[in-house]
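Chemist:
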DNA sequence: AATGGTATATTGGTAATACAATTTAATAAT
DNA sequence: ATTATTAAATTGTATTACCAATATACCATT
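Protein chains in written order, with my numbering: chain A, 2 to 260; chain B, 2 to 260.
Quick look at the structure:
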């Protein structure tokens, strides 16, 4: 399903009638069989695949190639492997981890700048907020309110420490994505976060006004979402993201000057 | 860099100060070393890594685990492996392939519907068009015009065949993403395409009006982009995407009725 | 001269076996 | 009841050998 599969191949550039006549490795066959079995639901999350030796029997191969295949499946995020008695290969729920890593490579090697990532994030979160404004239910709104209340409590107890607020901020954005009712937005958002995390929060200036600003922004967004005003939600969110990105950029310059 | 790396670890849920003290497998070390070497530019695209036997010497390990590591790197899209004399592991340029696959798994296992994918695509392409309207250069516009001209030529020569137009359509969208001047949009767009390809085009009704509609839509978008009207470009593009998605959905229902 | 075949050395691909390390569960000892 | 020990299953690693693919250089045929 993933690699050039003769069966489902799309005749895009059908100019050339031939494709590379590469002979498939064993592990390709093993991989696609196991993948298919998982996709077909023959193995569900939590299920244990047969032991390596048994799989060797089944596929009529030796442990070398088989372990290579298992390693690839592990990398794809489909299984996790535990050693020891009652260990083995267990089917796991897919996460955004692999997608994040792939995106990370693209960022690194394609030379995508943080500015580009921030721009993408602004669009993404803007759209997320707009959707949330249309679809958020009462419980979603309450959840957002609770998060803001939590943030306020923190800031009252300790008006100078930004760090405890950052995870709350993160949860706010993710809750919003959840309220948007499209899991794809949430997944992509998480992927973006996992890749800009290190930069964004690290360089925000640790000042009281930042905390106030953050809470104010979030609350305005919440209000727009609650009012069902999707355009306002989008606009507020985009401005918020851009604003905080600018703050982080400036903070980074400051730090670079006097480390 | 990918897996739990003590160095760059982010204190997200800094509630738990400790991370699982799992004894790292050999291949983790091997992986991170090779990955780092590639990231650091010690090996560039096209370069050949040492042969398996030599790598075994370097890492003081046997071929089994080493090959597992190479297989994982291959899966990550960092290297390709060729057999035979003068073969070996060659560093390759990263593509969107892995990200596409990861997204594909998320779609399959998280039960993300095609409707959700289409919604995401509409947002993405809308944003892309809006950006392109702001940033497209003369050469970009000319490229878009050339594609439309090509499409028109096809439709004149053969007014009934939609299929030759679909690749042109695809190129149009990708060119637009290129003109948007943010490689991230292009990468994500490609990722989405690679995952909805099979569905979208397959079920479009093969009627003459569809061809006319397609060309008309593209040209209107091109005009908005050329005029620098980003809001119009976004709106036109979003409507276009939704429209064609609806057509494909209806076509699918038709085909399901009478196969 | 051009083409096609063939040897060869290099390198990845597979197999088989043995042992080490890890982990859980059952058991024994305190 | 708690703790230490043992046993069994399973992955992790090492070694060795051989098979298969392939770029190169050389040779043969036309």
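From the three backbone atoms N, C-alpha and C, an ideal C-beta is built for every residue, glycine too.
For residue 206/B, which residues of its own chain have a beta-carbon under 8 Å away from its beta-carbon, when the five flanking residues on both sides are left out?
Modeler: By one-based count along the second chain, residue 206/B stands at place 205. Contacts found: 248, 251, 252 and 255.
Chemist: Does DSSP classify residue 129/A as helix, strand or coil?
Modeler: Residue numbering aside, residue 129/A sits at position 128 when the first chain is read from its first letter. Helix at residue 129/A.
Chemist: Mind checking who residue 90/A pairs with in its DSSP beta bridge?
Modeler: Within the first chain, numbered from 1, the residue matching residue 90/A stands at position 89. In DSSP, residue 90/A forms a bridge with 82/A.
Chemist: Which whole runs of the alpha helix (DSSP H) in the stretch 172-239 of chain B are 4 residues long or more, in chain order?
Modeler: 184-201 and 209-228
Chemist: Tell me which residues of the stretch 125-138 of chain B have at least one Cβ-Cβ distance to chain A shorter than 7 Å, keeping chain order.
Modeler: Listed by position, the residues of the stretch 125-138 of chain B near chain A (Cβ gap below 7 Å) are 128.
Chemist: Work out the CA separation of residue 115/A and residue 220/A for me, nearest whole Å.
Modeler: For the purposes of this step, residue 220/A is identified with residue 219 of the first chain, where counting begins at 1. For the purposes of this step, residue 115/A is identified with residue 114 of the first chain, where counting begins at 1. Approximately 26 Å, taken between the alpha carbons.
Chemist: To which residues of the same chain is residue 216/A closer than 7 Å at the C-beta, ignoring the five residues directly before and after it?
Modeler: Reading the first chain from its first residue, position 215 is the one you call residue 216/A. So the qualifying residues of the chain are 149, 152, 153 and 156.
Chemist: Name the two residues that bound the continuous alpha helix (DSSP H) containing residue 140/A.
Modeler: Reading the first chain from its first residue, position 139 is the one you call residue 140/A. It spans 139-158 - the alpha helix (DSSP H) in which residue 140/A sits, taken as one unbroken run.
Chemist: Is it buried or exposed, residue 101/A, if we count other Cβ atoms within 10 angstroms and call 16 or more buried?
Modeler: The residue given as residue 101/A occupies position 100 in the first chain. Residue 101/A should be labelled buried.
Chemist: For residue 31/A, which of 71/A, 41/A and 42/A has the nearest alpha-carbon?
Modeler: Taking the first chain and counting its residues from 1, the one referred to as residue 31/A is at position 30. Among 71/A, 41/A and 42/A, the Cα nearest to that of residue 31/A is on 71/A.
Chemist: Cβ of residue 79/B within 7 Å of Cβ of residue 28/B?
Modeler: Here the question's residue 79/B lines up with position 78 in the second chain. Here the question's residue 28/B lines up with position 27 in the second chain. Contact flag unset, no.
Chemist: Could you tell me whether any Cβ in chain B is nearer than 7 Å to the Cβ of residue 188/A?
Modeler: Translated into the one-based positions of the first chain, residue 188/A becomes position 187. So yes, residue 188/A belongs to the interface.
Chemist: Identify which residue in 174/A, 204/A, 137/A and 198/A has its Cα closest to the Cα of residue 182/A.
Modeler: Sequence index remark: in the first chain, residue 182/A carries index 181 (1-based). Minimum Cα distance to residue 182/A is reached at 137/A.
Chemist: Would you be able to state if there are at least three C-beta pairs under 8 Å between the stretch 84-99 of chain B and the stretch 170-178 of chain B?
Modeler: The stretch 170-178 of chain B vs the stretch 84-99 of chain B: no contact.
Chemist: Could you give the DSSP three-state label for residue 43/B: helix, strand or coil?
Modeler: For the purposes of this step, residue 43/B is taken as residue 42 along the second chain, with counting starting at 1. Residue state, collapsed to three classes: coil.
Chemist: If you measure from the beta carbon of residue 239/B to each beta carbon in chain A, is any gap under 7 Å?
Modeler: If you number the second chain from 1, residue 239/B lands on position 238. With 7 Å as the cut-off, residue 239/B does not count as an interface residue toward chain A.
Chemist: Which same chain residues end up closer than 7 Å to residue 146/A when comparing Cβ atoms and leaving out the 5 residues on each side of it in sequence?
Modeler: What you label residue 146/A is simply residue 145 of the first chain in a count that begins at 1. So the list reads 223, once near-sequence residues are dropped.
Chemist: From the DSSP output, read off the bridge partner residues of residue 49/B.
Modeler: One-based indexing of the second chain puts residue 49/B at position 48. Answer by DSSP bridge pairing, in chain order: 91/B.
Chemist: Whole angstroms is fine: what's the gap from residue 240/B's alpha carbon to residue 123/B's?
Modeler: Taking the first residue of the second chain as 1, we reach residue 240/B at position 239. Taking the first residue of the second chain as 1, we reach residue 123/B at position 122. One C-alpha to the other measures close to 8 Å.
Chemist: For residue 93/A versus residue 81/A, is the C-beta spacing smaller than 7 Å?
Modeler: Your numbering for residue 93/A matches position 92 in the first chain. Your numbering for residue 81/A matches position 80 in the first chain. Contact flag set, yes.
Chemist: Using the beta-carbon of each residue, which ones in chain B are nearer than 8 Å to residue 100/A?
Modeler: Mapped onto the first chain, residue 100/A falls at position 99. Neighbours of residue 100/A on chain B, chain order: 100, 103, 104 and 107.
Chemist: Candidates 172/A, 163/A, 45/A and 111/A: which alpha carbon is nearest residue 141/A's?
Modeler: Walking along the first chain from the start, residue 141/A turns up at place 140. Ranking the options by Cα distance to residue 141/A, first place goes to 172/A.
Chemist: Listed from N- to C-terminal order along the chain, which residues in the stretch 41-54 of chain A have their beta-carbon within a distance smaller than 9 Å of any beta-carbon of chain B?
Modeler: 46
Chemist: In angstroms with no decimal places, state the Cα-to-Cα distance between residue 258/A and residue 163/B.
Modeler: Residue numbering aside, residue 258/A sits at position 257 when the first chain is read from its first letter. Residue numbering aside, residue 163/B sits at position 162 when the second chain is read from its first letter. Distance between the alpha carbons of residue 258/A and residue 163/B is about 59 Å.
Chemist: Report yes if the C-beta distance between residue 134/B and residue 238/B is below 7 Å; otherwise report no.
Modeler: Position 133 of the second chain, counting from 1, holds the residue named residue 134/B. Position 237 of the second chain, counting from 1, holds the residue named residue 238/B. Cβ distance not < 7 Å, so residue 134/B and residue 238/B don't count as in contact.
Chemist: Would you identify the three-state DSSP class for residue 15/B, choosing helix, strand or coil?
Modeler: Looking up residue 15/B in the second chain gives position 14. Residue placement at residue 15/B is flagged as unreliable, the pLDDT there being 33, under the threshold of 50; a coordinate-derived value is accordingly withheld.
Chemist: Under 7 Å between C-beta atoms, does residue 249/B make it to chain A?
Modeler: Within the second chain, residue 249/B is the residue found at index 248, counting from 1. With 7 Å as the cut-off, residue 249/B does not count as an interface residue toward chain A.
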